[in-house]
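> Going by our numbering, the first residue of the sequence shown is number 79, and it counts up by one from there.
Positions of the beta carbon are idealized from the N, C-alpha and C atoms, including for glycine.
A quick note: this is a predicted structure, and the numbers were derived from the prediction, not measured.
Questions regarding the structure given below will be posed in turn.
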Amino acid sequence: MHACTGPEPVIVDLGAGNCAKGSALFPLLAPRRCVAVDISADHLASALAHLQREHPEMDLVGVGLDFSSRLALPAALTGERALVFNPGSSIGNFDSSGAVTLLRQAREVAAGGALLIGVDLVKPVAVLEAAYDDALGVTAAFNLNLLRHLNAVLGADFDVRQWRHVALFNRSASRIEMHLQARQALIVRWPGGERAFAADERIHIENSYKWTLDGFSVLLREAGFREPRHWSDERGWFALFVAGA
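What follows is the structure in structure tokens.
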């Protein structure tokens with residue numbers, strides 16, 4: 079990666095969270111600055127304060143930003159060869175068009191540097207569907223809680239017991255889809271309106287796109303990246319791509 083970024087690069091850590099993944103690159107790349115980007119500015123500030131104590135010599139900057147809408151950093155943090163780092167496979171939240179748009183924005187941020195990105199690959203359907211409909215019902219409980227949230231925010235009367243969580247792999251779109259499905263015919267009411275649902279009718283709540291190695295390489299080139307390379311686990315379920323900007 080030094081060949082792409084040069085010595086003492088800037089790391090732009092997308093979806094930084096507690097900054098543990100981004101900081102794992104510090105011994106390898108010896109960056110002079112790390113720009114941590116996350117939607118939660120408060121959580122980011124706390125994480126960076128802890129990280130600054132461990133790396134007092136490094137310039138650490140936090141940017142509170144929902145980069146799923148647009149990845150645009152303050153002007154003072156752009157214009158340098160950077161390593162844009164996004165290991166958590168959140169690129170799967172986007173369809174091909176949206177992914178290319180985000181990747182083009184990442185290339186602009188990298189400014190002649192590189193991108194290092196994690197990608198969740200297509201794998202056996204049974205494995206994929208079990209990952210999004212776990213045996214303990216954790217994902218189901220999380221998604222069903224959306225209905226309770228709608229009740230609180232809209233004053234609706236969703237009865238969670240009348241719904242079930244459904245996760246399925248849509249082969250043609252290469253994505254996991256998550257739905258909430260009505261167990262019976264029902265009517266949901268809220269102040270000023272109502273909506274009837276037929277038995278087995280679904281509310282489509284989320285997608286997670288899965289990629290092939292060749293398909294994601296094509297996507298990177300379409301976004302303007304150069305010479306994409308990848309590493310994968312033995313089963314070929316996950317991949318890490320690096321590409322020059």
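If I follow the unbroken beta strand (DSSP E) through P306, where does it start and stop?
Here the question's residue 306 lines up with position 228 in the sequence shown. Element bounds for P306: 304 to 310.
> Comparing alpha-carbon positions, which option in A102, A123, P202 lies nearest R313?
Position 235 of the sequence shown holds residue 313. Measuring from the Cα of R313, the nearest candidate turns out to be P202.
> Can you grab the Cα-Cα spacing for the pair M256 / E135, in whole Å?
Numbered from its first residue, the sequence shown carries residue 256 at position 178. Numbered from its first residue, the sequence shown carries residue 135 at position 57. Using only the alpha carbons, I get a separation of about 45 Å.
> Within a Cβ cutoff of 8 Å, which residues of the same chain sit near Q21, ignoring the five residues on either side of it in sequence?
The question about residue 21 has no answer here: the residues shown for the chain are numbered 79 through 323.
> I need the boundaries of the alpha helix (DSSP H) containing Q130, first residue and last residue.
Looking up residue 130 in the sequence shown gives position 52. 119 to 132 is the span of the alpha helix (DSSP H), which, as asked, contains Q130.
> State the Cα-Cα distance for the pair R242 and E279, rounded to the nearest angstrom.
For the purposes of this step, residue 242 is taken as the residue at position 164 of the sequence shown. For the purposes of this step, residue 279 is taken as the residue at position 201 of the sequence shown. The alpha-carbon atoms of R242 and E279 are separated by roughly 11 Å.
> If you draw a straight line from the alpha carbon of V216 to that of D311, how long is it in whole angstroms?
Residue numbering aside, residue 216 sits at position 138 when the sequence shown is read from its first letter. Residue numbering aside, residue 311 sits at position 233 when the sequence shown is read from its first letter. One C-alpha to the other measures close to 26 Å.
> With a threshold of 8 Å on Cβ separation, who are the neighbours of N221 within its own chain once the five nearest residues in sequence on each side are excluded?
Stepping through the sequence shown from its first residue, residue 221 is reached at position 143. Excluding sequence neighbours, N221 sits near H243, M256, L258, I283, E284.
> Between the C-alpha atoms of F236 and A245, what's the straight-line distance to the nearest angstrom?
The sequence position of residue 236 within the sequence shown is 158, counting from 1. The sequence position of residue 245 within the sequence shown is 167, counting from 1. Each residue's alpha carbon lies about 20 Å from the other.
> Work out the CA separation of W289 and V90 for me, nearest whole Å.
By 1-based counting over the sequence shown, the position of residue 90 is 12. By 1-based counting over the sequence shown, the position of residue 289 is 211. So the alpha carbons of these two residues sit roughly 23 Å apart.
> Apart from the five residues just before and just after V238, which ones in its own chain have a Cβ nearer than 6 Å to its Cβ?
Stepping through the sequence shown from its first residue, residue 238 is reached at position 160. Contacts found: L222, L225.
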